[in-house]
Amino acid sequence: MDVETFCLRACIEAETVRRWIEVGLVRAELTEADLARAALIRDLVEDFGVNLEGVEVALDLLDQLHEARAALRRVLGVVAAADPELKARVLAALREPG
Amino acid sequence: MARDPYAVLGVARTATADEIKAAYRKLAKTLHPDLNPGDRSAEARFKEVSAAYDLLSDPDKRRRYDEGEIDAEGQERPRGPFFRDRPEAGTFRWRGTGRSRPSGLQDLFDDLFGASAAETGFALPGEDVRLRLTVPFLDAVNGGKARLTLPSGETVDVTIPAGTEDGTILRLRGKGLPGIGEGPPGDALVELAVAPHPLYRREGDLIRYDLPVSITEAVLGAKVQAPTPAGPVVLAIPPGSNSGTVLRLRGRGVARADGSRGDCLVTLQVVLPPKPDRELEDFLRRWEGGRRFDPRAGIGG
């Protein structure tokens, strides 16, 4: 989408979006995913008082978390499609503490 | 009526602006949906807490609320959309400019799959993405091209195969989400919806439509121009044709993969001139054959 629509929907200034694109927090394509990401960055900055350095650290960790969740979802998908006994053992292992 | 915003944030009615901000930050950090991607229940609580904060952090709104001028509803800024709800959320580490690094999961997969995994690198294929594309009727019948924007923002030109049916799924290899490690990217699955046409109807590889003809053309026969998806043709109307007469135009229908085409079936509709014609009326009053013919003979009911 164009910068104007993006800013309107995310409730942020065009100048701010340009800076976020520059430092690589949001991609220049400005898709729906970038919009959701910008809304999160806005909340971190405006509501939680996190500075841009802190936002970069938080988003990098969050991206790793999403990546790990996506990978785990796929692994569990393979497990679920495989053997019922293996599935039961994986479920039991996930319930074990630590 | 929304709950009392002071109770939602857990602060006294005499709390200072700083105390309100601190209470909000403490709660919001544990409730923000994007900071709790796995907790579906956090979203409703987060919205309630942020609505309370939006009201109490604005001195004017807070005063009017305290004086009973406004209630706690409808004072909040919209929140979201939330990044965790995007299917692309797990792919951003590859897409950022200069922030890309190898997967943070490498060591885990190495533990799980041993040294061979460590040597070759763990790989998982990327997920497929699903899209829908509306195709003009004639592009589906004759084949054509369409431009499509993928969720990644990339635009691709796709070929609509000749004879495409409604609901056909095109697979664009490698246009889905990226894989993990050396894993190949997923595919984009594009479902094609064929738009209706004002004249043509489609039955498999047949095209049907109604062609209006004058009473003169129907009775005496004529050569008329008739449209088909493969371009207009001259159609011979045999003498004595009727409304409902079906004429077949071979090889003028839906294109097939082998280059041939189905047929086009034209149903004639005899249409009288829009204004009553004195000469025609005079003739019909005198016309004996017309009086003797009963078109309803043998009709049941």
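Read top to bottom, the protein sequences are chains A and B. For the first sequence, this note's numbering puts the final residue at 100, and the numbers step up evenly by one. For the second sequence, this note's numbering puts the final residue at 306, and the numbers step up evenly by one. Yeah, the Cβ is synthetic: ideal placement off N, Cα and C, and Gly gets one too.
- Under a 10 Å Cβ-count criterion, residue 65(A) is classified as buried, with 16 or more other Cβ atoms of the shown protein chains found around its own Cβ.
- Taking 8 Å as the upper bound for CB-CB distance, residue 275(B) and residue 220(B) are in contact here, some 6 Å apart.
- As computed with DSSP, residue 269(B) is found in a beta bridge with 212(B) and 254(B).
- In the three-state DSSP reduction, residue 233(B) falls in the coil class, being neither helix nor strand.
- If you check the CB distance, residue 235(B) and residue 186(B) do not come in under 8 Å.
- Scanning chain A for C-beta atoms nearer than 9 Å to the C-beta of residue 202(B) yields nothing, as the closest lies near 32 Å away.
- One thing to note: residue 13(B) has its Cβ no nearer than 8 Å to the Cβ of residue 24(B).
- In this structure, residue 139(B) sits away from residue 152(B), with a CB-CB distance that is not shorter than 8 Å.
- Distances from the CA of residue 173(B) to each of 198(B), 243(B) and 181(B) were compared; the closest alpha carbon is that of 198(B).
- Inclusion of residue 183(B) and residue 96(B) in the CB contact set at 8 Å is warranted, their separation being smaller than that value.
- Residues of chain A with a Cβ closer than 9 Å to the Cβ of residue 63(B) do not exist; the shortest Cβ-Cβ separation is about 13 Å.
- Neighbourhood of residue 142(B) in chain A, by CB distance below 8 Å: empty, with the nearest CB roughly 29 Å away.
- Just so you know, the alpha carbons of residue 85(A) and residue 164(B) end up roughly 40 Å apart.
- Under the three-state reduction of DSSP, residue 145(B) is assigned to helix.
- Residue 29(A) sits in coil when the DSSP states are folded into three classes, being neither helix nor strand.
- Sequence-distant Cβ neighbours of residue 168(B) in its own chain, meaning closer than 6 Å and more than five residues away, are 259, 260 and 261.
- For residue 50(A), a Cβ of chain B is located within less than 8 Å of the residue's own Cβ.
- Shown here, residue 92(A) sits in a helix according to DSSP, grouped into three states.
- For residue 83(A), not one C-beta of chain B is nearer than 8 Å to its own C-beta.
- Interface flag for residue 42(A) against chain B is set, since a Cβ pair is found closer than 8 Å.
- Taking the Cβ atoms as the reference, residue 200(B) lies roughly 23 Å from residue 156(B), outside the contact range of under 8 Å.
- Collapsing the DSSP output to three states places residue 67(B) in a helix.
- Listed along chain A are 31 and 33, each with a C-beta nearer than 8 Å to that of residue 157(B).
- When C-beta distances to chain A are compared with 7 Å, the residues of the segment 169 to 187 of chain B below that value are 185, in chain order.
- Under the criterion of beta carbons closer than 8 Å, residue 25(A) and residue 16(A) do not qualify as touching, at roughly 16 Å.
- Within the same chain, Cβ atoms closer than 8 Å to the Cβ of residue 89(A) are found at 81 and 82, the five residues on either side in sequence being excluded.
- The C-beta of residue 13(A) comes closer than 8 Å to at least one C-beta of chain B.
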